[in-house]
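Residue numbers (the working numbering), protein chains in the order written: chain A, 109 to 587; chain B, 53 to 310. Below: one structure, written as structure tokens.
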């Protein structure tokens with residue numbers, strides 16, 4: 109935090125402040141002279157861009173909150189008042205609503221960049237985990253924010269999402285009532301959502317601070333995935349990356365402003381310009397686009413886990429038992445045989461009874477979907493321990509690279525599937541939900557099977573001795 | 053070769069394709085899409101046609117306003133149609149609003165003023181439903197934003213009445229409409245030729261009425277569109293020039309490194 113030995117500043121005012129609170133030393137160390145790998149590509153701009161979007165959202169949001177009324181009878185009209193009667197209210201609101209989308213665009217690119225170049229690996233695990241926390245907080249904030257205009261999608265989106273918690277056994281229903289502040293989504297719900305929507309961005313800001321702090325402790329990863337070995341591998345953050353980030357940010361802002369000024373409603377759903385009506389359900393309830401991949405995973409689970417599955421699992425375990433025992437403790441083969449027979453009888457009869465409609469449901473389809481959806485993000489938390497391969501960057505991991513690109517395509521496909529009605533067909537051939545299930549299977553397979561497998565087996569290409577050497581080699585091949 | 057402009061391409065492509073994802077999201081509906089009309093307001097530089105707006109407002113006043121409210125608009129907003137203050141005052145004074153209580157505690161009626169909201173045809177939703185055989189005529193302030201491809205949709209609905217097709221059962225008191233989801237609509241065909249007198253030479257046809265009133269309703273839902281596009285153009289030009297300068301600066305700064 110800028111403490112420790114310090115260089116004197118020439119300006120007496122700066123020196124007076126800095127000797128009492130070393131703000132200037134802090135800035136100089138962390139953003140001025142801070143050494144950064146010199147080989148970043150433009151994917152490394154998105155951290156700074158996401159930061160700017162967060163500030164944009166907070167600033168426009170605070171001004172909007174001065175005009176918004178969190179009351180079910182007035183919320184919709186107060187938003188329309190902002191759009192029509194508040195000076196430049198339309199601009200503030202469009203910056204805020206499209207800003208959410210572009211914040212997510214920046215953050216998604218930032219996250220998948222981190223995955224591609226192995227930025228989650230040691231020593232950056234905590235940095236990565238803080239990032240996932242930010243993403244979760246963003247999802248909560250964005251969902252709650254979408255409820256505030258109190259249009260049809262606000263209301264029904266809130267209904268669908270809050271009802272997800274009712275899938276939890278025993279505590280589910282009480283949790284939903286507690287979230288709603290009543291027995292239906294109503295004024296107390298809207299009020300608390302507004303309070304939380306004002307609070308959470310500042311929580312995000314605090315976690316971003318920790319995220320950046322952690323980044324400045326272990327330094328940035330880079331496209332080669334090789335740690336900087338000396339001054340020839342790095343440049344100072346200022347001016348090299350302040351200027352490069354500014355350029356990238358401006359290009360990003362061009363895209364953002366094209367939406368704000370020329371297609372401001374294209375990312376939203378028309379139904380949200382209809383005031384919320386608890387008596388009329390929209391034909392298709394669709395969440396905002398940035399939730400669609402996870403929404404598709406939620407809807408992909410349409411089957412329940414019953415005693416049939418448990419029985420099958422017990423039979424399989426029984427069949428595997430003799431082999432395992434033979435290998436690891438060959439003295440107990442007799443017991444293993446008895447155990448195996450018992451397992452097959454017990455498991456088999458459970459499965460057979462289930463086929464005759466006598467079964468216990470352990471996980472309902474709804475709970476399965478909810479677990480899968482939250483699990484899809486929970487996996488990111490443990491990614492540093494699922495992928496223990498010593499090489500970071502996908503540039504030097506051909507198998508990981510191919511399978512990861514497939515994961516990104518898979519994720520985009522899930523997004524598309526999430527946007528379609530639940531009964532949609534795939535080119536009229538078979539239900540699209542089957543494709544959704546396959547994509548969900550690959551998504552989970554990538555994290556729980558492919559990553560650990562590659563960690564052990566993948567043969568990598570030769571790593572460059574240093575970042576400097578890698579840059580020299582690249583420049584040679586390009587000129 | 054110092055800085056490869058190639059490097060930014062994949063990033064831009066990823067960003068652009070992500071912008072495209074949400075576009076896919078709003079496709080599903082059972083009714084056919086209303087045909088695309090030529091609108092003066094479409095495109096990056098499109099503006100409203102004041103004459104069409106005024107004609108459309110007249111159609112709204114004479115026809116639509118019998119059942120449909122526009123509660124988010126005030127009479128003063130009509131300056132966006134090109135009316136001056138005196139004209140707006142005179143338009144407003146044709147309507148009567150309930151005000152009060154006065155000093156004696158009584159509610160009273162008075163002529164509407166420019167600051168008043170458009171007077172609704174019914175005092176409340178139940179009255180509206182009761183007068184329309186249970187169907188609620190929606191408020192039109194936001195109708196073109198509240199429907200997919202709203203301007204074309206409104207035009208399509210107003211011109212889409214026909215005899216039932218595909219064997220659709222149309223109950224008594226309902227009507228068949230090509231572009232309405234489910235095809236069975238409660239609104240009787242509102243327009244027919246020569247139903248609203250125009251002051252200029254514009255043809256007084258159903259199609260023209262529909263085009264003008266859709267134009268007016270698009271303005272009503274999005275009254276700041278022209279300001280938005282004008283400011284947007286300046287913003288984009290500024291950002292592009294600024295980005296160009298930063299790119300040149302960045303190239304110079306990094307050139308001694310590579």
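Where is the CB? At the ideal position from N, CA and C, for every residue including glycine. Just so you know, these numbers come straight off a predicted model, no measurement behind them.
Using a C-beta cutoff of 8 Å, does residue i count as contacting chain B?
| i | result |
| --- | --- |
| residue 205 of chain A | no |
| residue 382 of chain A | yes |
| residue 188 of chain A | yes |
| residue 359 of chain A | yes |
| residue 471 of chain A | no |
| residue 352 of chain A | yes |
| residue 503 of chain A | no |
| residue 167 of chain A | no |
| residue 569 of chain A | no |
| residue 512 of chain A | no |
| residue 547 of chain A | no |
| residue 268 of chain A | no |
Is the beta carbon of residue i sitting closer than 8 Å to the one on residue j?
| i | j | result |
| --- | --- | --- |
| residue 242 of chain A | residue 166 of chain A | no |
| residue 458 of chain A | residue 422 of chain A | yes |
| residue 484 of chain A | residue 402 of chain A | yes |
| residue 178 of chain B | residue 119 of chain B | no |
| residue 473 of chain A | residue 409 of chain A | yes |
| residue 588 of chain A | residue 316 of chain A | There is simply no residue 588 of chain A to check, as chain A begins at 109 and stops at 587 in what is shown. |
| residue 232 of chain B | residue 212 of chain B | yes |
| residue 420 of chain A | residue 455 of chain A | yes |
| residue 255 of chain A | residue 307 of chain A | no |
| residue 84 of chain B | residue 230 of chain B | yes |
| residue 169 of chain B | residue 151 of chain B | no |
Per DSSP, what kind of secondary structure is residue i in: helix, strand or coil?
| i | result |
| --- | --- |
| residue 213 of chain B | strand |
| residue 538 of chain A | strand |
| residue 393 of chain A | coil |
| residue 241 of chain A | helix |
| residue 174 of chain A | coil |
| residue 94 of chain B | coil |
| residue 165 of chain B | coil |
| residue 78 of chain B | Because the pLDDT at residue 78 of chain B is just 42, under 50, the model does not fix this residue reliably, and the value given afterwards should be weighed accordingly. It is coil, neither helix nor strand. |
| residue 215 of chain A | helix |
| residue 362 of chain A | helix |
| residue 411 of chain A | coil |
| residue 470 of chain A | strand |
| residue 483 of chain A | helix |
| residue 160 of chain B | strand |
If we ignore side chains and look at the alpha-carbon of each, how far apart do residue i and residue j end up?
| i | j | result |
| --- | --- | --- |
| residue 302 of chain A | residue 277 of chain A | 28 Å |
| residue 76 of chain B | residue 519 of chain A | With a pLDDT of 45 at residue 76 of chain B, under the threshold of 50, the modelled position of that residue is not reliable, and no figure is offered here. |
| residue 248 of chain A | residue 178 of chain A | 18 Å |
| residue 197 of chain B | residue 184 of chain A | 14 Å |
| residue 362 of chain A | residue 275 of chain A | 43 Å |
| residue 195 of chain A | residue 527 of chain A | 35 Å |
| residue 513 of chain A | residue 507 of chain A | 10 Å |
| residue 269 of chain A | residue 488 of chain A | 21 Å |
| residue 133 of chain A | residue 324 of chain A | 15 Å |
| residue 585 of chain A | residue 202 of chain B | 53 Å |
| residue 335 of chain A | residue 575 of chain A | 8 Å |
| residue 73 of chain B | residue 524 of chain A | Because the pLDDT at residue 73 of chain B is just 47, under 50, the model does not fix this residue reliably, and the value given afterwards should be weighed accordingly. Cα to Cα, residue 73 of chain B sits roughly 7 Å from residue 524 of chain A. |
| residue 265 of chain A | residue 377 of chain A | 11 Å |
| residue 227 of chain A | residue 221 of chain A | 8 Å |
| residue 499 of chain A | residue 333 of chain A | 7 Å |
| residue 261 of chain B | residue 158 of chain A | 48 Å |
| residue 463 of chain A | residue 452 of chain A | 16 Å |
Would you please verify whether the beta carbon of residue i is less than 8 Å from any beta carbon of chain A?
| i | result |
| --- | --- |
| residue 271 of chain B | no |
| residue 283 of chain B | yes |
| residue 192 of chain B | no |
| residue 220 of chain B | no |
| residue 295 of chain B | yes |
| residue 140 of chain B | no |
| residue 209 of chain B | no |
| residue 298 of chain B | yes |
| residue 102 of chain B | no |
| residue 105 of chain B | no |
*Output, in sequence order along the chain, the residues in the segment 160-192 of chain B whose CB is closer than 7 Å to any CB in chain A.*
Interface annotation for the segment 160-192 of chain B against chain A: empty, criterion Cβ-Cβ distance under 7 Å.
*Mind checking the segment 330-342 of chain A against chain B and listing, in chain order, the residues whose C-beta falls within less than 7 Å of any C-beta there?*
Taking 7 Å as the Cβ-Cβ cut-off against chain B, none of the residues of the segment 330-342 of chain A qualify.
### Task
Taking only beta carbons into account, state which residues of the segment 120-138 of chain B come closer than 9 Å to chain A, listed in chain order.
Within the segment 120-138 of chain B, the qualifying residues are 123, 124, 125, 126, 129.
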